[in-house]
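Chemist: Numbering (this note's numbering) for the sequence shown: 2 to 430. Ideal Cβ placement from N, Cα and C applies to all residues, glycine included.
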Amino acid sequence: MPIRLLSSEVASQIAAGEVIERPASVVKELLENSLDAGARSITITIEEAGKKLIEVADDGSGIPSAELELAVTRHATSKLVHSDDLFSISTLGFRGEALASIAAVARVAIASRAVGKPHAWRIEVEGGTIGAVAPAALAAGTTVTIEELYFNTPARRKFLRTEATEWAHCDEAFRRIALAHPEVAFSLTHNGRAQVRVQAGGRRSRVEALLGDAFVLHAAAVDADAGDVRMSGLAVRPAYAAEGPLTQYIFVNGRFVRDRVLSHALREAYRDILHHDRQPAYALWLTLDPRRVDVNVHPQKTEVRFRDSGAIHQFVRHAVERALAANAAEQPAVSAAERLGIAAAQMPPLVATDNLGASGQQRQDANHSNPFTAQRGLMLAAGEPAAFYRQLFGERTAVARTGPARSGRLPSRVCRNGACPPRPTRQSG
Numbered sequence: 002m003p004i005r006l007l008s009s010e011v012a013s014q015i016a017a018g019e020v021i022e023r024p025a026s027v028v029k030e031l032l033e034n035s036l037d038a039g040a041r042s043i044t045i046t047i048e049e050a051g052k053k054l055i056e057v058a059d060d061g062s063g064i065p066s067a068e069l070e071l072a073v074t075r076h077a078t079s080k081l082v083h084s085d086d087l088f089s090i091s092t093l094g095f096r097g098e099a100l101a102s103i104a105a106v107a108r109v110a111i112a113s114r115a116v117g118k119p120h121a122w123r124i125e126v127e128g129g130t131i132g133a134v135a136p137a138a139l140a141a142g143t144t145v146t147i148e149e150l151y152f153n154t155p156a157r158r159k160f161l162r163t164e165a166t167e168w169a170h171c172d173e174a175f176r177r178i179a180l181a182h183p184e185v186a187f188s189l190t191h192n193g194r195a196q197v198r199v200q201a202g203g204r205r206s207r208v209e210a211l212l213g214d215a216f217v218l219h220a221a222a223v224d225a226d227a228g229d230v231r232m233s234g235l236a237v238r239p240a241y242a243a244e245g246p247l248t249q250y251i252f253v254n255g256r257f258v259r260d261r262v263l264s265h266a267l268r269e270a271y272r273d274i275l276h277h278d279r280q281p282a283y284a285l286w287l288t289l290d291p292r293r294v295d296v297n298v299h300p301q302k303t304e305v306r307f308r309d310s311g312a313i314h315q316f317v318r319h320a321v322e323r324a325l326a327a328n329a330a331e332q333p334a335v336s337a338a339e340r341l342g343i344a345a346a347q348m349p350p351l352v353a354t355d356n357l358g359a360s361g362q363q364r365q366d367a368n369h370s371n372p373f374t375a376q377r378g379l380m381l382a383a384g385e386p387a388a389f390y391r392q393l394f395g396e397r398t399a400v401a402r403t404g405p406a407r408s409g410r411l412p413s414r415v416c417r418n419g420a421c422p423p424r425p426t427r428q429s430g
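1. Look at the alpha carbon of A195 and the alpha carbon of S188, and state the distance between them as a whole number of angstroms.
2. Can S79 and P291 be called in contact, C-beta distance under 8 Å?
3. Tell me the DSSP bridge mates of I131?
4. Taking C-beta to C-beta, are R231 and T288 nearer than 8 Å?
5. Can you find the residues in the same chain that come closer than 6 Å, C-beta to C-beta, to G234, ignoring five residues on each side of it along the sequence?
6. For V434, collect the residues of the same chain with a Cβ closer than 7 Å to its Cβ; drop the 5 residues on either side in sequence, then sort them by chain order.
7. For A165, I'd like the list of residues in its chain whose CB is within less than 8 Å of its CB, leaving aside the five on either flank, ordered along the chain.
8. Suppose the cutoff is 6 Å on Cβ atoms and the five residues either side in sequence are ignored; what does the same chain contact list for R293 look like?
9. Can you grab the Cα-Cα spacing for the pair A221 / D278, in whole Å?
10. Tell me the rounded alpha-carbon separation between A72 and R268.
11. I'd like the span of the beta strand (DSSP E) that includes V57, first residue to last.
12. Helix, strand or coil: which one does DSSP assign to Y283?
13. Just confirm the distance between the C-beta atoms of A77 and D59, as a whole number of angstroms; I'd bet it's less than 8 Å.
14. Using the rule of at least 16 other Cβ atoms within 10 Å of the residue's Cβ for burial, across every protein chain shown, is D260 buried or exposed?
15. Based on Cα-Cα distance, which residue from D226, V237, N192 lies nearest to D214?
16. For I178 and I274, I'd like the C-alpha separation in whole angstroms.
17. Using CA coordinates, which residue listed in Q301, P183, A105, A227 is at the minimum distance from L150?
18. Applying the 10 Å Cβ sphere with the 16-neighbour rule, what's the burial state of V11?
Shown next, in the form of structure tokens:
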């Protein structure tokens with residue numbers, strides 16, 4: 002087959018396949034555009050898990066009427082100017098492909114009122130065909146409406162999963178964005194029912210609202226910095242780590258990422274204190290100079306590469322290790338009994354000391370050097386282990402293990418292959 006130039010329609014649909022994998026990808030791209038526009042409040046409306054409708058309305062800076070047509074054109078963006086800007090990306094979007102890719106496989110309408118302009122303007126795109134810009138009614142910001150996703154590529158539409166599955170992906174995409182930017186208020190509605198409504202606030206309150214108060218209650222606060230690198234957030238203590246679905250969120254400069262370096266660093270931080278069938282849980286924010294991380298790695302923008310991955314690995318690992326060790330040292334001794342399901346009143350007193358009677362400072366140093374001991378083994382005072390285990394398991398009958406001299410019984414014979422050795426005779430006297 003001879004080499005031919007692809008038509009613009011086919012090229013646009015190929016690009017859409019890379020960027021718009023499913024309805025959740027549309028939700029992610031539209032939310033990132035709203036955040037880059039400086040929005041402080043965002044409303045998301047979804048119907049039929051995004052197959053029928055996805056609408057995102059924000060109060061950001063808006064788009065001037067003269068730029069609306071460019072907004073739905075491939076490789077048109079306001080976030081990059083020179084090639085050198087790719088090495089210090091500080092925005093969530095930068096390729097100028099999202100809206101054009103969505104418009105190639107859906108019916109799109111964009112209404113926007115730029116800051117300081119007397120009224121709004123609107124443009125419609127259907128399957129890549131751009132309509133005329135016309136006046137519209139809108140108080141402020143931008144509203145993007147996506148209808149009938151993949152209406153012109155039915156084969157792609159058939160590969161979508163059930164509504165429940167696609168909605169779960171949309172909800173997760175929303176959750177990642179909302180966790181990454183607690184300073185922004187969000188509202189999410191699906192099929193006419195309000196799902197999530199969160200106000201602008203701090204990271205702790207946002208985690209509590211989206212991941213639950215138990216996550217916050219059982220987590221250690223992480224707060225560390227080294228030069229221009231800083232990490233903060235929450236890491237769940239090992240005793241409360243889950244066996245089920247993972248709750249692992251890590252954000253780099255406000256962007257949710259899946260990175261092998263960071264994942265390995267966090268596994269190492271939990272390695273000596275977490276049971277093998279459990280998984281760590283955390284919500285962590287890493288901020289650093291944009292020049293030290295490359296986000297232009299994958300079309301989905303969830304993969305990054307660090308300029309000095311070894312230093313980042315060590316920083317993240319030690320930050321989480323110190324937070325878990327310090328939190329374990331602060332936990333009261335009765336928490337060990339609580340984890341065993343025993344009432345505190347039934348437990349013997351626990352003393353946080355070692356068998357050598359070390360001083361308080363020495364014990365504190367030992368806890369920091371060995372977080373597993375600090376978390377799990379709040380030591381018992383001398384003479385109390387027996388009482389402690391009697392409380393747990395009741396009285397036990399001692400079993401002698403020293404042989405004939407203690408029990409007066411001869412050891413049993415061991416027969417192999419049907420042959421038994423002669424029974425030893427009892428010595429008199």
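Modeler: This is what the structure holds:
1. 8 Å
2. no
3. V126
4. yes
5. V223, A284, L285, W286
6. Nothing about residue 434 can be read from this structure; the chain reaches only from 2 to 430.
7. A50
8. R308
9. 21 Å
10. 42 Å
11. 54–59
12. strand
13. Not confirmed; about 20 Å, so no contact.
14. buried
15. V237
16. 30 Å
17. A105
18. exposed
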